[in-house]
Structures are given as C-alpha cells and as structure tokens.
Amino acid sequence: MGAPCDRCEELLQDFLDRTLTDAEWREAEDHLGGCDYCRRRYRFEESLRRYVRTSSVERMPPGLMDKLAELRGLDATA
Amino acid sequence: MSEPSPDTEARRIATEARDRARFEEDALALADQVYRVARRLVGSREEAEDLVQETYARAFRSWRSFTPGTNLRAWLLRILTNLNVDRGRKVQRTPQTQPLEETDYYLANKVASAAGEDALETDDVVERLSQDSIVNALSDIQPQFRDVVVLVDIGDFSYADAAQILDVPIGTVMSRLHRGRRALKQRLAEEALS
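Next comes the structure, spelled out in structure tokens:
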C-alpha cells in the first residue's frame, strides 16, 4: 500500500456518501480500477454500512405502542 | 376586544381538538422509527423504552410548538436527543476512552490479516458481527459522535436534518460523522476480532 492507496482511503467515506467533487470522484475511480487492495476495502465498507443499517430493524417491544397511545391528551401544565 | 361568542369558542375548541388528535396520530405512526434510533443511542432496551416514552410525553405536552408541514420525525428526534443528553449528564457516564487515531481501512485491515484478503470479498465477516456487537460498539463511542452516526447511518437523516436535530452546523455533522464511523470500526474490530 502506497501513497495513492492512502489517498483512496481518505476518499472512502465521501465516495460512498456521494459527496466528492467530480475531480475527486474520477481520482477515486481511476485508482479503484487498478487496485484490488482498495477495491476490496471499498466493497467491505459498503457491506458494513448495509449491515449497520439493517442490524437495527428491531421492532418496538410489545406494549410500548399502547403506553405511548395512553400519553395522548397530556396537559401542558401537567 | 369583545368576548368571543360561545359559538366561536366552541368551534375553536373543536378545531384545536381535531388538530391535536391529528398531531398525536402522526406522531404515533413514527414510533417505530423513533424507537429504532433510541435503541441505538442508549445501552439497553429498557432505557430505550423509557426514553421513547419521555419523548412522547414531552411531544404531546408541547404539540402546539410543532409547525404543521415541517418534519415531524426530525422534531421528535430533536426532543429525544435533548432528553438523552440530559440523561447522560444525570447518569455521569464513565469517562470516554482514548482519542481515536485509526483510519478508514482499520477494520478491513484487521479482517484481512486475520482471515485473508479474500475474506473482504464475501459478506461472511460482516454477517458474523452480531446485533450485540453493533450495540456495544455504538455505546462505546463518545456521544457527540455516536448521535450523528445513529441519525445519518441508521435513522437515514440527511446532514441538514441531523444538523437541525442536534443544533450544530452541517460542517460539524460531517466531521463528527467521519470520526464517528472510524470510531465505530475501531470498536467493532475490538469487539469482533479480539
């Protein structure tokens, strides 16, 4: 891993967030096109993000919705 | 100014009751999403439940301060994150760990050295991380970084919404998000690969 890979690592988050400038985007794409090392790490990061997002599709505990519904009509002065 | 006629007064009350009921319905419809964020901000399911109940109690009391047509989910999450900050102060959490020095490839590099470069090409490693490891890793991150990661990467809020919820500039959201994600990867590496 050399300087171009360091640079590619710096661009990783903004690349996946799609917040790179056009020039930076091209820079990352050019490098990824020829670098397995970085390409694997970008791919890994993508699945990690997906995992973090989907690991959280936990439903509310049963009964919580009823408790919340009971709070309706609470008085501002209460 | 003359007293409103009983008729006008009755209409006003009826309108207000209707607006209020609509607000409450709209807020309750978002409860799942609010809980999801709460669950990732605090350590346990019980705490998350308490936090969501406090949030709705406050939201229902102060429903008049919500501007119809604006982002209700962001409004609720703003209440929730503020309440959570207050709780954090009360609970006096254990001092947070050392400053973060790691970079973005940190976790991937750890995985590669433990299981080989090819392991990065499959989802095996990621899938081996348990729900608990995400929760634990998140709860180890400093709150100001964790809040942003939870809102943007789990709650799907835009930078602008997260900035509004947390009452900080967008630039701050972005820099905290970057640091928070790196911190999360460092913690996950410690959790999952140690």
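From first to last, the protein sequence lines stand for chains R and S.
637 is the number of the first residue of the first sequence in the numbering used here; add one for each residue after it.
23 is the number of the first residue of the second sequence in the numbering used here; add one for each residue after it.
Glycine is no exception: its CB is placed at the ideal position from the N, C-alpha and C atoms.
Model, not experiment: these values are computed from the prediction.
Whether residue i touches residue j by CB criterion (8 Å)
i, j, result
"E694 of chain R", "L652 of chain R", "no"
"M701 of chain R", "A53 of chain S", "yes"
"R689 of chain R", "E143 of chain S", "no"
"L94 of chain S", "D48 of chain S", "yes"
"R203 of chain S", "V172 of chain S", "no"
"N18 of chain S", "V64 of chain S", "The requested residue 18 of chain S is not part of the displayed model; chain S covers only 23 to 216."
"L684 of chain R", "A664 of chain R", "no"
"F82 of chain S", "E25 of chain S", "no"
"V190 of chain S", "Y181 of chain S", "no"
"Y687 of chain R", "V157 of chain S", "no"
"Y57 of chain S", "A70 of chain S", "yes"
"E645 of chain R", "T125 of chain S", "yes"
"T103 of chain S", "I187 of chain S", "yes"
Neighbour flag for residue i against chain S, beta carbons, 8 Å
i, result
"L656 of chain R", "no"
"E645 of chain R", "yes"
"D704 of chain R", "One detail in the question is off: residue 704 of chain R reads as Leu in this sequence, not Asp. At least one chain S Cβ lies under 8 Å of L704 of chain R."
"F651 of chain R", "no"
"P698 of chain R", "no"
"L593 of chain R", "Missing from the structure shown is residue 593 of chain R; chain R here goes from 637 to 714 and no further."
"E665 of chain R", "no"
"R662 of chain R", "no"
Own chain residues within Cβ distance below 7 Å of residue i, not counting five before or after
i, result
"R209 of chain S", "A159, D162, I163"
"A211 of chain S", "Y128, L129, K132"
"A137 of chain S", "V147"
"A11 of chain S", "Residue 11 of chain S falls outside the range modelled here, since chain S spans only 23 to 216, and no answer is possible."
"R643 of chain R", "none"
"L667 of chain R", "Sequence inspection shows His at residue 667 of chain R; the Leu mentioned does not correspond to that position. These residues qualify, in order along the chain: P640, C644, C674."
Proximity test, Cβ basis, 8 Å: residue i and chain R
i, result
"L50 of chain S", "yes"
"Q166 of chain S", "no"
"D54 of chain S", "yes"
"E69 of chain S", "no"
"L99 of chain S", "no"
"A184 of chain S", "no"
"Q208 of chain S", "no"
"R203 of chain S", "yes"
"A211 of chain S", "no"
"E46 of chain S", "yes"
"A214 of chain S", "no"
"E38 of chain S", "no"
"V148 of chain S", "yes"
"I221 of chain S", "Outside the displayed range of chain S (23 to 216) lies residue 221 of chain S, so it cannot be described from this structure."
"T103 of chain S", "no"
"E31 of chain S", "no"
"T125 of chain S", "yes"
"V190 of chain S", "no"
Close-in-space but distant-in-sequence residues of the same chain around residue i (CB under 6 Å, 5 per side omitted)
i, result
"T657 of chain R", "none"
"A214 of chain S", "L151, S155"
"I176 of chain S", "R62"
"F179 of chain S", "L173"
"T655 of chain R", "none"
Same chain only: Cβ atoms within 8 Å of residue i, ignoring 5 sequence neighbours per side
i, result
"L707 of chain R", "none"
"R67 of chain S", "R61"
"D140 of chain S", "none"
"D41 of chain S", "P90"
"R662 of chain R", "none"
"R34 of chain S", "P26"
beta-carbon residue i near the ligand SAH non-hydrogen atom, thresh 7 Å
i, result
"R80 of chain S", "Among the ligands in the structure shown, none appear at all, so the ligand SAH cannot be discussed."
Review point. Is the segment 158 to 167 of chain S touching the segment 190 to 205 of chain S in the sense that three or more CB pairs, one from each, lie closer than 8 Å?
Key: In this structure the segment 190 to 205 of chain S lies against the segment 158 to 167 of chain S, because at least three pairs of beta carbons, one per stretch, are closer than 8 Å.
Exercise for review: Please determine if the segment 49 to 66 of chain S and the segment 96 to 111 of chain S are in contact, where contact requires at least 3 C-beta pairs separated by less than 8 Å.
Suggested key: By the criterion of at least three beta-carbon pairs nearer than 8 Å, the segment 49 to 66 of chain S is in contact with the segment 96 to 111 of chain S.
Exercise for review: Output the residue ranges of the alpha helix (DSSP H) runs that lie fully inside the segment 59 to 122 of chain S and measure 4 residues or longer, sorted by chain position.
Suggested key: Correct list: 67 to 83, 94 to 113.
Review point. Hey, which unbroken runs of the beta strand (DSSP E) at 3 residues or more fall wholly within the segment 137 to 187 of chain S?
Key: Within the segment 137 to 187 of chain S, not a single complete beta strand (DSSP E) segment reaches 3 residues in length.
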